Amino acid sequence: MAACVVKTSCFPGLHLQKKNVIHFLCCAMASASGTAGHWSKGLLASMNDPEAVIDADEDLVTIKDKYPKAKFHFLILPRRKIPNLKSLTREDLDLLEKMHQKGEKIANRANEELQFRFGYHAVPSMSHLHMHVISQDFNSPCLKTKKHWNSFVTDYFVDSKAVIKSIQKHGQWNVNKEEMDQLLKQDLKCHICKKMFRTIPELKAHIVFHDVTKPKTR
DNA sequence: GTTCTAGAAC
DNA sequence: GTTCTAGAAC
Numbered sequence: 001m002a003a004c005v006v007k008t009s010c011f012p013g014l015h016l017q018k019k020n021v022i023h024f025l026c027c028a029m030a031s032a033s034g035t036a037g038h039w040s041k042g043l044l045a046s047m048n049d050p051e052a053v054i055d056a057d058e059d060l061v062t063i064k065d066k067y068p069k070a071k072f073h074f075l076i077l078p079r080r081k082i083p084n085l086k087s088l089t090r091e092d093l094d095l096l097e098k099m100h101q102k103g104e105k106i107a108n109r110a111n112e113e114l115q116f117r118f119g120y121h122a123v124p125s126m127s128h129l130h131m132h133v134i135s136q137d138f139n140s141p142c143l144k145t146k147k148h149w150n151s152f153v154t155d156y157f158v159d160s161k162a163v164i165k166s167i168q169k170h171g172q173w174n175v176n177k178e179e180m181d182q183l184l185k186q187d188l189k190c191h192i193c194k195k196m197f198r199t200i201p202e203l204k205a206h207i208v209f210h211d212v213t214k215p216k217t218r
């Protein structure tokens with residue numbers, strides 16, 4: 001790997017920012033090792049990254065989300081290649097149930113107190129079907145944009161159980177892409193008390209005061 | 001999916 | 001002047 005060590009001083013006169021240098025080196029190394037790929041294929045790489053994988057069995061691999069949008073944020077992926085929700089059929093129902101059960105197990109292992117949701121983005125950016133397992137605090141520096149927020153608190157986030165029911169009933173999952181795009185643009189609303197906010201920083205300052213632990217049964 | 005940044009909003 | 005967002009990335 002010695003050949004990969006490149007000092008910026010090797011390029012006098014090139015005033016590249018550190019991030020650009022890192023990006024350049026990563027692309028060069030990925031290209032040299034044959035692992036280069038479009039960003040949308042990144043989950044496949046993560047599935048084979050021991051740093052990312054926290055659980056694996058014969059059907060499913062669980063990874064930490066690379067940019068977690070809450071204190072706990074994991075992705076459950078089937079080993080079998082399934083591109084997206086639209087490609088699901090009744091033959092996948094057993095797998096979908098397993099994904100949900102795995103999600104509950106992973107969530108409890110991570111934190112028994114917090115509320116979690118299990119579900120899919122209606123129109124995901126990353127290829128390869130993946131179920132989000134995300135705690136409902138949404139307290140994370142990686143949550144930065146309106147799109148991030150709305151993708152987890154509006155109907156753009158489809159509960160795992162809703163997908164399973166749809167496949168049982170209709171044998172498929174249908175999505176209106178235009179409708180989903182509109183959801184991502186809607187005004188910022190607290191997922192707990194429905195209060196409206198003008199900016200992401202204001203919303204983030206607000207949500208930390210909500211209790212998102214599971215209701216106590218006594 | 002993220003990074004970067006121009007210019008809007010304050 | 002600073003904060004924040006939205007859109008390009010070849």
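All residue numbers for the first sequence refer to full-length UniProt numbering, where the first residue is 1 and numbers rise by one.
Cβ coordinates follow ideal geometry from the N, Cα and C atoms, glycine included.
Only a predicted model underlies this, so the values are computations on that prediction, with no experimental measurement involved.
Nearest-angstrom Cβ-Cβ length linking residue i and residue j, presumed shorter than 8 Å
i      : j      : result
Trp149 : Leu114 : 18 Å between Cβ atoms; not a contact.
Phe72  : His121 : In fact, because the Cβ distance is near 17 Å, the residues do not count as touching under 8 Å.
Ile82  : Gly103 : Wrong, their Cβ atoms sit about 16 Å apart, outside the cutoff.
Lys195 : His206 : 7 Å
Residue environment, residue i, which counts as buried when at least 16 other CB atoms sit within 10 Å
i           : result
residue 273 : For the chain, the structure presents residues 1 to 218; residue 273 sits outside this window and is missing.
Gly171      : exposed
Thr217      : exposed
Trp173      : buried
Gln65       : First, the residue type needs correcting, since residue 65 is Asp and not Gln in the sequence shown. Buried is the call here.
Lys107      : For clarity, residue 107 is Ala in the given sequence; the question names Lys instead. Label assigned to Ala107: buried.
His38       : exposed
Lys69       : buried
Three-state secondary structure (DSSP) of residue i
i           : result
residue 270 : Because the chain here runs from 1 to 218, residue 270 falls outside it and cannot be looked at.
Val158      : strand
Val175      : coil
His132      : strand
residue 301 : Outside the shown range of the chain, which is 1 to 218, sits residue 301, and nothing can be said about it.
Met180      : helix
Lys169      : helix
Lys189      : strand
Top-ranked residue by Cα proximity to residue i, from the options
i      : options                        : result
Glu91  : Ala205, Ile200, Lys169, Gln136 : Lys169
Arg117 : Val133, Ile106, Leu129         : Val133
Thr145 : Lys41, Glu178, Leu184          : Leu184
Ser127 : Pro201, Gly42, Tyr67, Lys214   : Gly42
Asn111 : Asp94, Val123, Gln136          : Gln136
Lys50  : Thr62, Met180, Ser40           : The amino acid at residue 50 is misidentified as Lys; the sequence shows Pro. For Pro50, the nearest C-alpha among the options comes from Thr62.
Arg109 : Phe197, Asp55, Leu44           : Asp55
Asn139 : Val163, Lys214, Pro201, Leu85  : Pro201
Thr213 : Leu203, Ile192, Arg198, His130 : Ile192
Along the chain, which unbroken stretches of the beta strand (DSSP E) at least 3 residues long are found entirely within the UniProt domain "HIT" (40-143)? 53-56, 60-64, 73-78, 116-121, 131-135
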